[in-house]
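Before any comments, here is the structure.
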Ligand SMILES: C[S@@+](CC[C@H](N)C(=O)[O-])C[C@H]1O[C@@H](n2cnc3c(N)ncnc32)[C@H](O)[C@@H]1O
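Numbering (the UniProt record's numbering), first residue to last: 1 to 297.
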């Protein structure tokens, strides 16, 4: 065969399936479903992105086409495509000590002034809501351990939740690549992680024991027990429409202890009625400064 000879005809191979198209009405159905079920906001300019994510979802789940996907989503609340859709429409991007000023504030305002009380058994509760693969709650735990090495034997707990059950399973394993650990100081990595035979890093039991992981959809009921001294909900509300965001802030305000801190993402702002009781306390940090109206939904 010379370089110029035509490619042989692929006579015995089945034709490649055509890439499923996303019609405007299917996009609207997916958008309505993800807003109703997960609080996610899919504006029209995201159609292309949603389309490419759905193609990947079909490939990964083996679902044959978008019509079948919609049918399964709308008729079977337990279908595997539901979880896959959440993963497809959100990003799980996270990092250890992302937005590090929040962890400094946690140490300065909630830990250092209370060290003696915490050593004597005072209660400290922190919620990482939308924790992705666990780097955020681990960073909270590492900040605490830095000040209280005996923290896992004290009355200190971190609740870490995410809508994506696959992320929660990953977080429970506590395994991270060397690259994912690049935000950690060498000392922190040495003291709190072990290297597995395949070169991954596993977080140690002291941090792991403080954290309780659970799958939880923030727009459904919360079977959680407050009050919390701090709630981290960073880079999550950005996916929600304004009314869903405002409801979320109010619900967090009701679960915070007096003076408790709410940490949110760099491009998020507390808005709506919760603004009456959550006052700015730093870069994208809010403090509960008045009693929230507990009747409000
Ligand atoms: C970009 S990550 C943010 C992770 C971490 N908070 C941080 O800032 O590094 C957003 C996370 O929010 C989760 N999420 C999206 N919608 C949610 C919902 N309705 N309820 C709970 N978690 C949700 C996603 O699964 C994803 O893991």
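C-beta: ideal position from N, C-alpha, C; glycine also.
Backbone CA spacing between residue i and residue j [nearest angstrom]
{"i": "residue 84", "j": "residue 113", "result": "43 Å"}
{"i": "residue 228", "j": "residue 123", "result": "10 Å"}
{"i": "residue 7", "j": "residue 55", "result": "Residue confidence is low: residue 7 scores 40 on pLDDT, short of 50, so the model does not pin down where it sits. Its coordinate-derived value is still stated next. For residue 7 and residue 55, the distance between alpha carbons rounds to 29 Å."}
{"i": "residue 234", "j": "residue 44", "result": "24 Å"}
{"i": "residue 20", "j": "residue 59", "result": "11 Å"}
{"i": "residue 16", "j": "residue 24", "result": "Low local confidence applies: a pLDDT of 46 at residue 16 is under 50, so the model's placement there is unreliable, and no value is given."}
{"i": "residue 111", "j": "residue 33", "result": "42 Å"}
{"i": "residue 37", "j": "residue 51", "result": "19 Å"}
{"i": "residue 266", "j": "residue 285", "result": "10 Å"}
{"i": "residue 297", "j": "residue 42", "result": "Interpretation of residue 297 is limited by its pLDDT of 49, a score under 50 that renders its predicted location unreliable; the figure taken from the coordinates is listed afterwards. Distance between the alpha carbons of residue 297 and residue 42 is about 24 Å."}
{"i": "residue 178", "j": "residue 292", "result": "43 Å"}
{"i": "residue 28", "j": "residue 35", "result": "10 Å"}
{"i": "residue 277", "j": "residue 184", "result": "35 Å"}
{"i": "residue 137", "j": "residue 269", "result": "21 Å"}
{"i": "residue 115", "j": "residue 71", "result": "55 Å"}
{"i": "residue 290", "j": "residue 94", "result": "32 Å"}
{"i": "residue 117", "j": "residue 74", "result": "51 Å"}
{"i": "residue 220", "j": "residue 191", "result": "38 Å"}
{"i": "residue 129", "j": "residue 232", "result": "6 Å"}
{"i": "residue 150", "j": "residue 65", "result": "53 Å"}
{"i": "residue 139", "j": "residue 195", "result": "18 Å"}
{"i": "residue 321", "j": "residue 61", "result": "There is no way to answer for residue 321, as the model of the chain reaches only from 1 to 297."}
{"i": "residue 63", "j": "residue 78", "result": "15 Å"}
Cβ-Cβ separation, residue j to residue i (assumed contact under 8 Å), whole Å
{"i": "residue 189", "j": "residue 173", "result": "So it is not a contact: roughly 17 Å between Cβ atoms."}
{"i": "residue 119", "j": "residue 145", "result": "Not really, about 14 Å apart at Cβ, beyond 8 Å."}
{"i": "residue 250", "j": "residue 273", "result": "6 Å"}
{"i": "residue 125", "j": "residue 88", "result": "Actually they do not touch by this definition, with Cβ atoms about 32 Å apart."}
CB of residue i within 8 Å of CB of residue j, strictly
{"i": "residue 143", "j": "residue 103", "result": "yes"}
{"i": "residue 288", "j": "residue 253", "result": "yes"}
{"i": "residue 133", "j": "residue 98", "result": "no"}
{"i": "residue 210", "j": "residue 92", "result": "no"}
{"i": "residue 131", "j": "residue 206", "result": "no"}
{"i": "residue 193", "j": "residue 208", "result": "no"}
{"i": "residue 90", "j": "residue 40", "result": "yes"}
{"i": "residue 86", "j": "residue 30", "result": "no"}
{"i": "residue 230", "j": "residue 106", "result": "yes"}
{"i": "residue 22", "j": "residue 47", "result": "yes"}
{"i": "residue 157", "j": "residue 82", "result": "no"}
{"i": "residue 161", "j": "residue 214", "result": "yes"}
{"i": "residue 255", "j": "residue 275", "result": "no"}
{"i": "residue 224", "j": "residue 175", "result": "no"}
Start-to-end residues for the alpha helix (DSSP H) that takes in residue i
{"i": "residue 138", "result": "135-147"}
{"i": "residue 151", "result": "Note, residue 151: premise wrong, no alpha helix (DSSP H); not H, not E."}
{"i": "residue 26", "result": "24-38"}
{"i": "residue 58", "result": "47-61"}
{"i": "residue 103", "result": "101-105"}
{"i": "residue 81", "result": "80-89"}
Enclosing beta strand (DSSP E) for residue i [first to last residue]
{"i": "residue 298", "result": "Coverage of the chain is limited to positions 1 through 297, which leaves residue 298 absent and any answer about it impossible."}
{"i": "residue 240", "result": "Careful: residue 240 lies outside any beta strand (DSSP E) and carries neither H nor E."}
{"i": "residue 257", "result": "256-264"}
{"i": "residue 212", "result": "211-215"}
{"i": "residue 288", "result": "285-288"}
{"i": "residue 202", "result": "201-203"}
{"i": "residue 231", "result": "228-233"}
{"i": "residue 280", "result": "278-280"}
{"i": "residue 156", "result": "156-162"}
{"i": "residue 194", "result": "193-195"}
{"i": "residue 169", "result": "From DSSP, residue 169 is part of no beta strand (DSSP E) but of the alpha helix (DSSP H) over 165-173."}
{"i": "residue 129", "result": "124-129"}
> Taking contact to mean at least 3 C-beta pairs separated by less than 8 Å, is the region 246-263 in contact with the region 274-282?
Replying inline: yes
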